[in-house]
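Visitor: Once you've had a glance at the structure underneath, I'll fire off some questions.
Protein chains in written order, with the working numbering: chain X, 2 to 231; chain P, 873 to 1365.
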């Protein structure tokens, strides 16, 4: 059979393809629908948080920080409850990372504050002596891309039925709703309101001035995202 | 006509040889910068505060991985394809204007993609998935390049004189099919600009998969991009170049059959080993783990087949630096394909995952196996495409030993770093509290990061020697006749 295949390239290619495609079908398909179900209490991102998530990706934070707490005592002691599949239901892309040069950030919102992040992003080694993380001072200058974040919200709402403007059950039995603005201008206004809350806890005068003038620096969106990780 | 040797046309092979060398140096230079940044964070500011956004570790890291994978390695694969393909199929590119046109188109679109990738990664335009960082416009261009290469492969096969496909061709076909399938499925994404009716950045997209599913597809891709980019085509090379250079027949045809079909069947399952103790179902993790161990068989099958090809001719390893490169590559392949399965065992993975040991594993595979084999292939091709002897044998030897030392420093330091870090993360004191804060597990690694940076720098020095040797071969080496090009490549002192 193999000799015959080696003289018939088309059938050879078909045989190779079937051999390699087989494993993917069996491994990936059976669990697909189940794995995309959210856990109780998992909400989609607001416009500002999503813009912050884009800043996180733009600067490849996942190159050094994981967002996956494994079910070991040493990890739950350090980072909190181990990760559940449904907690990632609205993460496109997933940001588990593959290397922990720095600590896991899956639940960083539980134990770090706006103030801490501000100081840390400006000069990591001043907050954590010995840190090898670079400073991210340009985030204090660059403007966050609210437009693209809103475009993504509209897209996931339309294409994947991500539940914006829908009551979502919370762990404590209450309901929460994450609004999706009807227009881009409304989305920008809502993001700015969120940004003002973050900026109120910050010290950097340039950032405060920018937000007061109706702009959203990257660092504000970034902190909104980090605070949402719980 | 049929009695005369064919005049092969190496135009496109030469172009890809050039990009292999250039992108190899770029990718490894960026890698060395990253290594020094981890040892000495001040290097993040090497171009000043103003450019820090573009020179800091996190922005440069994808540029390193992508330029080594999609720059250096892919160029090497294509340089060898446009050389090996013609020779084992017994047909010249010059015989078909259409295939020649396709090959040139292949090269130029690839160059455009390279420019687009470098620019977009520096600007931070990324989908956020490792080794699949490119946004949708680049993905489309990549698919175009890939389809053209596929037409080129099957076009050349279509007009072949040698009816039986040689082993290397099996592996090139598998590379083409494997990457095509993986790349397409993993990069399924929706451009937000169009879906939202023209809002925001036109190039931005959102993944079709979310969370755990996205992770599953990504590592099915990520692991097998290694399979079909770093293993399969490199095996294609060694099956051609080692027998050619040594003048020895492949040791066993049956072993090559077993190794090929075994590799095809087993490799795809192993992707799950990147997700052990994550939120994907336990049975998938176990499958990933088990098949990773099974993978030793076909991997070692190829490697042993290559080593046994040298049976009775081991003196060539001492006398020819070119054979040295290939035998060391084959040995590192065995080493790396044993190390990988060990890391895929669940209890080992619990320790090794997220640490520098994984980084060490990748680099003994890529520096020791992939890069050594690609450089050996280019050395073997150079006298045949430029009709000149290799400029300097002693320079080759020097390069070989500098780079071998570099790899050894790299993986030994990363082993120690990774295991140290893994042990410290899990250490508890006698009351059951964590023994170390996270920063303790970072500062302790400084000496190992420094040793790694030195190892990487040595390897880069070797790359410059390689580039210089190739340049001199191309421009000023002694001209050789066809009769000198039978087996062992002619080399100057």
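Each residue gets a CB set at the ideal place from its N, CA and C atoms; glycine is no exception.
(1) Name the DSSP bridge partner or partners of residue 1306 (chain P)?
(2) For residue 209 (chain X), name the three-state secondary structure that DSSP assigns.
(3) May I ask which residues mark the beginning and end of the beta strand (DSSP E) holding residue 178 (chain X)?
(4) Let me know if residue 1086 (chain P) comes out buried or exposed under the rule of 16 or more other beta-carbons within 10 Å of its beta-carbon.
(5) Measuring straight from C-alpha to C-alpha, what distance separates residue 65 (chain X) and residue 978 (chain P)?
(6) Would DSSP call residue 71 (chain X) helix, strand or coil?
(7) Per DSSP, residue 1078 (chain P) forms a beta bridge with which residues?
(8) Nearest to residue 965 (chain P) by CA position, among P:994, P:878 and P:1017, is which residue?
(9) Looking at chain P, is there any beta carbon in it that lies within less than 8 Å of the beta carbon of residue 191 (chain X)?
(10) Would the C-beta of residue 1211 (chain P) count as close to the ligand GDP, meaning under 7 Å from any of its heavy atoms?
(11) Report the neighbours of residue 950 (chain P) on chain X: residues whose CB is nearer than 7 Å to its CB, in chain order.
(12) Are the C-beta of residue 931 (chain P) and some C-beta of chain X separated by less than 8 Å?
(13) Residue 37 (chain X) versus chain P: which residues are under 9 Å apart at the beta carbon?
(14) Leaving out five residues on either side along the sequence, give the residues of the same chain with a beta carbon under 6 Å from the beta carbon of residue 994 (chain P).
(15) Suppose you measure from the CA of residue 164 (chain X) to the CA of residue 61 (chain X); what does that come to, to the nearest Å?
(16) Of the residues that make up the segment 81 to 92 of chain X, which ones have a beta carbon closer than 9 Å to any beta carbon in chain P?
(17) So the candidates are P:934, P:1219, P:961 and P:1042; which of them puts its Cα closest to the Cα of residue 1132 (chain P)?
(18) Excluding the 5 residues flanking residue 873 (chain P) on each side, which residues of the same chain have their C-beta closer than 8 Å to its C-beta?
(19) What does a CB cutoff of less than 8 Å around residue 28 (chain X) pick up in its chain, not counting 5 residues either side in sequence?
(20) If you count every other CB in all the chains shown that lies within 10 Å of the CB of residue 1260 (chain P), and 16 or more means buried, which is it?
(21) Under 8 Å by Cβ, that's how I've got residue 1334 (chain P) and residue 1275 (chain P) pegged, so tell me the actual separation to the nearest angstrom.
(22) Relative to the alpha-carbon of residue 1121 (chain P), which residue among P:1181, P:1011, P:1217 and P:940 has its alpha-carbon at the smallest distance?
(23) In the segment 167 to 201 of chain X, which residue ranges form an unbroken alpha helix (DSSP H) of at least 4 residues, counting only runs that do not cross its ends?
(24) Fully enclosed by the segment 1228 to 1258 of chain P, which alpha helix (DSSP H) runs are 4 residues long or longer?
(25) Any beta-carbon of chain P closer than 8 Å to the one on residue 41 (chain X)?
(26) Under 8 Å Cβ-Cβ, which residues of chain X neighbour residue 959 (chain P)?
(27) Give a yes or no on whether the C-beta atoms belonging to residue 203 (chain X) and residue 56 (chain X) are separated by under 8 Å.
(28) Which word fits residue 1036 (chain P), buried or exposed, when buried means at least 16 other C-beta atoms lie within 10 angstroms of its C-beta?
(29) Within the same chain, show all residues whose beta-carbon is closer than 8 Å to that of residue 1156 (chain P), passing over the 5 residues directly before and after it, in chain order.
(30) Applying the 10 Å Cβ sphere with the 16-neighbour rule, what's the burial state of residue 90 (chain X)?
(31) Mind listing which residues of the segment 149 to 162 of chain X have their C-beta closer than 9 Å to chain P's C-betas, in chain order?
(32) Per DSSP, what kind of secondary structure is residue 1170 (chain P) in: helix, strand or coil?
(33) Does residue 1358 (chain P) get closer than 8 Å to chain X when you measure Cβ to Cβ?
(34) Can you check whether the CB of residue 100 (chain X) is closer than 8 Å to the CB of residue 1231 (chain P)?
(35) Could you please give the first and the last residue of the uninterrupted alpha helix (DSSP H) stretch that includes residue 82 (chain X)?
(36) When the Cβ atoms of the segment 878 to 896 of chain P are set against those of the segment 1334 to 1348 of chain P, are three or more pairs found closer than 8 Å?
Guide: On the basis of the coordinates in this document:
(1) Position 434 of the second chain, counting from 1, holds the residue named residue 1306 (chain P). Partner(s): P:1300.
(2) For this step, residue 209 (chain X) is matched to residue 208 along the first chain. DSSP places residue 209 (chain X) in helix when its eight states are reduced to three.
(3) Stepping through the first chain from its first residue, residue 178 (chain X) is reached at position 177. Residues 176 to 178.
(4) Numbered from its first residue, the second chain carries residue 1086 (chain P) at position 214. It counts as buried.
(5) What you label residue 65 (chain X) is simply residue 64 of the first chain in a count that begins at 1. What you label residue 978 (chain P) is simply residue 106 of the second chain in a count that begins at 1. Using only the alpha carbons, I get a separation of about 35 Å.
(6) Along the first chain, one-based indexing puts residue 71 (chain X) at 70. Of the three classes helix, strand and coil, the one that applies to residue 71 (chain X) here is coil, per DSSP.
(7) Taking the second chain and counting its residues from 1, the one referred to as residue 1078 (chain P) is at position 206. Answer by DSSP bridge pairing, in chain order: P:1062.
(8) Position 93 of the second chain holds residue 965 (chain P). The candidate whose alpha carbon is nearest that of residue 965 (chain P) is P:878.
(9) Here residue 191 (chain X) is taken as the residue at index 190 of the first chain, counted from 1. Residue 191 (chain X) does not count as touching chain P.
(10) Absence of the ligand GDP from the depicted structure is noted, as is the absence of any ligand whatsoever, leaving it without description.
(11) One-based indexing of the second chain puts residue 950 (chain P) at position 78. Those do not exist, as residue 950 (chain P) stays about 19 Å from chain X at its closest Cβ, beyond 7 Å.
(12) Looking up residue 931 (chain P) in the second chain gives position 59. By this cut-off, residue 931 (chain P) is an interface position.
(13) Looking up residue 37 (chain X) in the first chain gives position 36. Result: 1081, 1082, 1083, 1084 and 1085.
(14) Residue 994 (chain P) sits at position 122 when you count from the first residue of the second chain. Once the five neighbours on either side are set aside, the close Cβ partners of residue 994 (chain P) are 926.
(15) Position 163 of the first chain, counted from the start, is the residue given in the question as residue 164 (chain X). Position 60 of the first chain, counted from the start, is the residue given in the question as residue 61 (chain X). Near 27 Å, if we compare the C-alpha coordinates of residue 61 (chain X) and residue 164 (chain X).
(16) 83, 84, 85, 86, 87, 88, 89, 90, 91 and 92
(17) In the second chain, the residue the question calls residue 1132 (chain P) occupies position 260. Closest option to residue 1132 (chain P), Cα to Cα, is P:1042.
(18) Reading the second chain from its first residue, position 1 is the one you call residue 873 (chain P). Per-residue confidence for residue 873 (chain P) stands at a pLDDT of 46, beneath the threshold of 50, marking its modelled position as unreliable; no derived number is given.
(19) Stepping through the first chain from its first residue, residue 28 (chain X) is reached at position 27. If we look at residue 28 (chain X) and ignore the five residues flanking it on each side, it has no Cβ neighbours.
(20) As a first step, residue 1260 (chain P) must be located in the second chain, where it is residue number 388. Buried.
(21) As a first step, residue 1334 (chain P) must be located in the second chain, where it is residue number 462. As a first step, residue 1275 (chain P) must be located in the second chain, where it is residue number 403. Rounded, the Cβ-Cβ distance is 4 Å, consistent with contact.
(22) Here the question's residue 1121 (chain P) lines up with position 249 in the second chain. Residue 1121 (chain P) has its Cα closest to that of P:1181, out of P:1181, P:1011, P:1217 and P:940.
(23) 185 to 201
(24) 1228 to 1235 and 1244 to 1258
(25) Position 40 of the first chain, counted from the first residue, corresponds to residue 41 (chain X). By this cut-off, residue 41 (chain X) is not an interface position.
(26) What you label residue 959 (chain P) is simply residue 87 of the second chain in a count that begins at 1. Those within 8 Å of residue 959 (chain P) in chain X number zero; the least Cβ separation is about 17 Å.
(27) Locating residue 203 (chain X) in the first chain gives position 202, counting from the first residue. Locating residue 56 (chain X) in the first chain gives position 55, counting from the first residue. For residue 203 (chain X) and residue 56 (chain X), no; Cβs fall outside 8 Å.
(28) Here residue 1036 (chain P) corresponds to residue number 164 of the second chain, with the count starting at 1. By the 10 Å Cβ count, residue 1036 (chain P) comes out exposed.
(29) Along the second chain, one-based indexing puts residue 1156 (chain P) at 284. Excluding sequence neighbours, residue 1156 (chain P) sits near 1088, 1144 and 1147.
(30) Translated into positions along the first chain, residue 90 (chain X) becomes position 89. Residue 90 (chain X) is buried by the Cβ-count criterion.
(31) 149, 150, 151, 152, 153, 154, 155, 156, 157, 159, 160 and 161
(32) Position 298 of the second chain, counting from 1, holds the residue named residue 1170 (chain P). In the structure shown, residue 1170 (chain P) sits in a helix (DSSP, three-state: H, G or I).
(33) On the second chain, position 486 is the one that residue 1358 (chain P) refers to. Not closer than 8 Å to any Cβ of chain X, the Cβ of residue 1358 (chain P) fails to qualify, so no.
(34) Start at 1 with the first residue of the second chain, and residue 1231 (chain P) comes out as number 359. Start at 1 with the first residue of the first chain, and residue 100 (chain X) comes out as number 99. Closer than 8 Å, so yes.
(35) Here residue 82 (chain X) refers to the residue found at position 81 of the first chain. No alpha helix (DSSP H) contains residue 82 (chain X), which DSSP labels as neither H nor E.
(36) yes
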